[in-house]
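Chemist: Submitted below is the structure of interest, expressed as structure tokens.
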Amino acid sequence: MSTRDLTITVPVLARVEGEGGLDIVVKAGQIEQLALRIFEPPRFFEKFLEGREYHEVPDIVARICGICPVAYQMSAVHAIESIFGVKTTPWIRKMRRLLYCGEWLESHNLHIHLLAAPDFLGYKSATEMAAQYSAELKRGLSLQHLGNAIIRMLGGRSVHPVGVKVGGFYKAPSHEDVRKLIADLRAAIPQAEALVRWTASLGLPDNHQDFVSVALHHSEEYPLNEGDLMSDVGLFIPISEYEQHFREFHVPHSTALHSLLHEKPYLVGPLARVNLNYAQLPLSVRLNVERTAVQFPSNNMFHSIVARAVEVHFALLEALRILEQYELPDRPYVEVTPRAGTGFGCTEAPRGMLWHTWTLDERGQVLATRIVPPTSQNQPRIEEDLKWSLEAMGLDHSDEALRLRAETVIRNYDPCISCATHFLKLNVLREG
Amino acid sequence: MSHTTVNRKPTVAIHKFSSCDGCQLAFLNLGEQLLQVADAVNIVHFVEAGAIQFDTPVDIAFVEGSLSTEEEVERIHAVRQQSQYLVTIGACATAGGIQALKNLHDAHAWTTSVYALPDYISTLSTASPISKAVHVDLELHGCPVNSYQVLSTIRALLFGVTPPLEQDKLCSECKRLGQVCVMVTQQMPCMGPVTRTGCGVICPRQQRDCYSCYGPAETINTHSLSQCLQETGLARDTIARRFALFNNQSPEYVKAIAQLGEST
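Protein chains in written order, with the numbering used here: chain W, 82 to 513; chain D, 9 to 272.
Okay, here's the thing in structure tokens:
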């Protein structure tokens, strides 16, 4: 191994959501310092929410992230409904699952096609890729568009949708809207199947490493909105016990917190979910995966893009299943009565588990909230992966090759930096 | 700008400041149209999409997000200098956005109370619209803006005309669409009478009240709406919170919030 000294600096990371950079210092052939810098300004959401009424919450938390607003709405309404003791109807539960399928389709396809794929095909951007990969790109953008159409049907628009309320939905979609969507989703099934096979054929780098996967697990279905927290090293807890196992802390180089499980980094997101819940995917999804050389569970971090495509296929079939049984409800929501208390909500955002706790007073006004987004949770894992991947690749490669690999590693996690800097909370004392 | 199109493709940059990235999705969610846009104009700077040429002069710069750090204030001056047209997209860039709620509080105290290492956090005590620091040629309102707004702006500017500015009230569009009034028929605290149209009336069409994500329309009467809402039994602080949301730094709403805070 080379023993030269070098410094790799990426001032601004391209093709990630939000603002971040990277600094790596190598001395005597060893990585001496490595920092994924997140410098997006803090936005103080948890402070703004204090004093707001419970019914304002879904519209406000949506603004934490333009790409995954549904995830924030879902974790929040679940937590608030648990405080009020609300029992929702099967129709509401199904429609929330459908809405979440829409967000997975939108976000996953955006990431696969516009953010991640150029790395594996040797381009700087998707528009550069368009000349040679026009059909693949159009296929991806049309699948992304279907996700947006689902969100729009239930929420009026795909960014910051307005349909979700505590207790259910403001309005039920008409049979006519549903029929049109069913036809479009059905027509897209072969495209989703082909997408999975295409991602598996991308010539992804061999990158087998040890990491802990964490995701929700539900006894009856592939997890989206509900479940217990599970890891592949024996964790199995209700979401209310999150704080007894996970710890967030502040590091100088990031305006987003880092998070550890039992003092160790861990992975959340599509690869973690597929690794832990593969058996619950529909048979046709698993058979399609088996036509490729990729197997789950996988410890190749670059199989994340395949896992994302697998979830695109799943979300499409799941949305279709729900819509094919669609019935107009008497009313799209249940009445709620505020009461004081503390509740928890945890759902699977496209980039991984999103945990909330809310404390409300007897009128339903927010006293306190804590929101732990997936990117905060993945940060220590990204840094651990960078160190591992660059050393495995060999530090004697050119600076440019090392920089590109480092950026590829980071983008593989689909970090959502705006989410991660929504607010930071003091959780740990200064060290030293 | 039409003269620039004779010999070369017009150039476009998309910049991000403090925000949720939601307005950039007006581009990234275009679907196949995104490829058409990339054909028609040369997108030289758009970090999220992989284009990084910050220092290249452009014909149109779209700016998302508000100014909430010293670095952002410096950066917007550089953007202004190298852009022929500077267009703000969304409530953060045009009115400070939701993070500007910190302007009503002691942001420094917030930072020190919530960060383990507050010295490492560099943030101004305010979040400001872009127009606070530099001249803005055009402001697109909305939290978030939609694809129609950005595409029609590009098209108008390429033809050398100023795009028509939507200033009408949401109420008017609601009537034109034949939408039943949720305020009159269901006593919902709708912000339609004081809100700029452009969203497509999505909230009343979802059977709910408008929460003014597009900000103030022209010639509005916030005082009158506040009184109407009080007559339906809403508390003054509840009404104030409806103005203190995504467009809380708009002068009309700042005034409405102040009036509601005064004792009667």
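Heads up, the beta-carbon is just placed ideally off N, CA and C, and yes, glycines get one too.
Using the three-state DSSP reduction, which class does H478/W fall into: helix, strand or coil?
Modeler: If DSSP states are grouped into helix, strand and coil, H478/W belongs with coil.
Chemist: Does the ligand ADP have even one heavy atom less than 7 Å from the beta-carbon of E147/D?
Modeler: Within the structure as shown, the ligand ADP is missing, as the structure has no ligands at all.
Chemist: Helix, strand or coil: which one does DSSP assign to Q267/D?
Modeler: Here Q267/D sits in helix by DSSP.
Chemist: Would a check of beta-carbon distances place N255/D closer than 8 Å to chain W?
Modeler: Judged by the 8 Å Cβ criterion, N255/D is not in contact with chain W.
Chemist: Excluding the 5 residues preceding and the 5 following V209/D in the sequence, name in chain order all residues of the same chain whose CB lies nearer than 7 Å to its CB.
Modeler: Hits under 7 Å: L178, E181, C182, L185, Q187.
Chemist: Please name the residue in T240/D, L242/D, R204/D whose C-alpha comes closest to that of A225/D.
Modeler: Closest by alpha carbon: R204/D.
Chemist: Give the residues from the stretch 95-117 of chain W that approach chain D closer than 9 Å (Cβ to any Cβ), ordered along the chain.
Modeler: The residues in question are A95, R96, V97, E98, G99, E100.
Chemist: Checking 8 Å against the spacing of the C-beta atoms, do I89/W and A487/W come in under that value?
Modeler: Cβ atoms of I89/W and A487/W: closer than 8 Å.
Chemist: Can a CB atom of chain D be found closer than 8 Å to the CB of Q225/W?
Modeler: Yes, its Cβ sits closer than 8 Å to a Cβ of chain D.
Chemist: Residues of chain W with CB closer than 8 Å to the CB of P18/D, please, in chain order.
Modeler: Residues of chain W passing the Cβ test: none, with the nearest at roughly 15 Å.
Chemist: What is the DSSP secondary structure of P363/W, counted as helix, strand or coil?
Modeler: Residue state, collapsed to three classes: coil.
Chemist: Which of helix, strand or coil does DSSP assign to I320/W?
Modeler: It is helical.
Chemist: If you measure from the beta carbon of E56/D to each beta carbon in chain W, is any gap under 8 Å?
Modeler: Interface residue, yes.
Chemist: Please name the residues in the stretch 193-214 of chain W whose beta-carbon is closer than 9 Å to at least one beta-carbon of chain D, in chain order.
Modeler: So the list reads L195, L196, P199, Y204, K205, S206, A207, T208, E209, A211, given in the order they occur along the chain.
Chemist: Beta carbon of P455/W, beta carbon of M434/W: below 8 Å?
Modeler: Contact: yes.
Chemist: Starting from the beta carbon of S26/D, find every residue of chain W whose beta carbon is closer than 7 Å, and list them in chain order.
Modeler: Residues of chain W passing the Cβ test: P122, R124.
Chemist: Report the residue from N229/D, Q195/D, Q215/D, R88/D whose alpha carbon sits nearest the alpha carbon of A21/D.
Modeler: Minimum Cα distance to A21/D is reached at R88/D.
Chemist: Output, in chain order, the set of chain D residues within a Cβ distance shorter than 7 Å of Y251/W.
Modeler: Under the 7 Å cutoff, chain D gives Q214, Q215, R216.
Chemist: Cβ of V243/W less than 8 Å from any chain D Cβ?
Modeler: Answer yes: the Cβ-Cβ gap between V243/W and chain D drops below 8 Å somewhere.
Chemist: Taking the alpha helix (DSSP H) that D200/W belongs to, which residues open and close that run?
Modeler: Residues 198-202.
Chemist: Just how far apart, CA to CA, sit V247/W and A396/W?
Modeler: In a straight line, the C-alpha of V247/W is about 24 Å away from that of A396/W.
Chemist: Would the stretch 265-279 of chain W count as touching the stretch 388-406 of chain W if we require 3 or more Cβ pairs under 8 Å?
Modeler: Contact holds: three or more Cβ-Cβ distances are below 8 Å.
Chemist: Using 8 Å for Cβ pairs, my map puts S340/W next to E329/W. What's the rounded Cβ distance?
Modeler: Confirmed, about 5 Å.
Chemist: Pop quiz: Y251/W and P413/W are said to be a contact at Cβ under 8 Å. What is the actual Cβ separation, rounded to whole angstroms?
Modeler: Contact flag correct, Cβ pair sits at about 7 Å.
Chemist: DSSP puts H23/D in a beta bridge; with which residues?
Modeler: Note: H23/D sits in a beta bridge opposite V71/D.
Chemist: If you drop the 5 nearest sequence neighbours on each side, which residues of the same chain put their C-beta closer than 6 Å to that of R133/W?
Modeler: Result list for R133/W: V447, in chain order.
Chemist: Whole angstroms is fine: what's the gap from E512/W's alpha carbon to S234/D's?
Modeler: For E512/W, the predicted structure reports a pLDDT of 36, less than 50, and the residue's modelled location is therefore unreliable. The matter cannot be settled from this model.
Chemist: Helix, strand or coil for Y93/D? Go by DSSP, reduced to three states.
Modeler: Note: Y93/D maps to strand in three-state DSSP.
Chemist: Who are the Cβ neighbours of L283/W in its own chain at under 6 Å, not counting the five residues just before and after it?
Modeler: Here the set comprises F201.
Chemist: List, from N- to C-terminal side, the alpha helix (DSSP H) runs of 4 residues or more that fit wholly inside the stretch 129-194 of chain W.
Modeler: Counting only runs of 4 or more, we get 138-143, 150-165, 171-190.
Chemist: Have a look at the DSSP bridge pairing and note the partners of T428/W.
Modeler: According to DSSP, which records beta bridges pairwise, T428/W is partnered with L435/W.
Chemist: Going along chain D, which residues have a C-beta under 7 Å from F129/W?
Modeler: By Cβ distance, chain D contributes I106, L109.
Chemist: Specify, as a first and last residue, the run of the alpha helix (DSSP H) that D442/W falls within.
Modeler: D442/W -> no alpha helix (DSSP H), and no H or E assigned at all.
Chemist: Within the 8 Å Cβ cut-off, does P197/D reach chain W?
Modeler: Not one chain W Cβ lies under 8 Å of P197/D.
Chemist: Can you say whether G241/D is buried or exposed, counting buried as having 16 or more other CB atoms within 10 angstroms of its CB?
Modeler: By the 10 Å Cβ count, G241/D comes out exposed.
Chemist: Which residues mark the beginning and the end of the alpha helix (DSSP H) in which T280/W is found?
Modeler: Looking at the DSSP string, the run of the alpha helix (DSSP H) that includes T280/W is 256-281.
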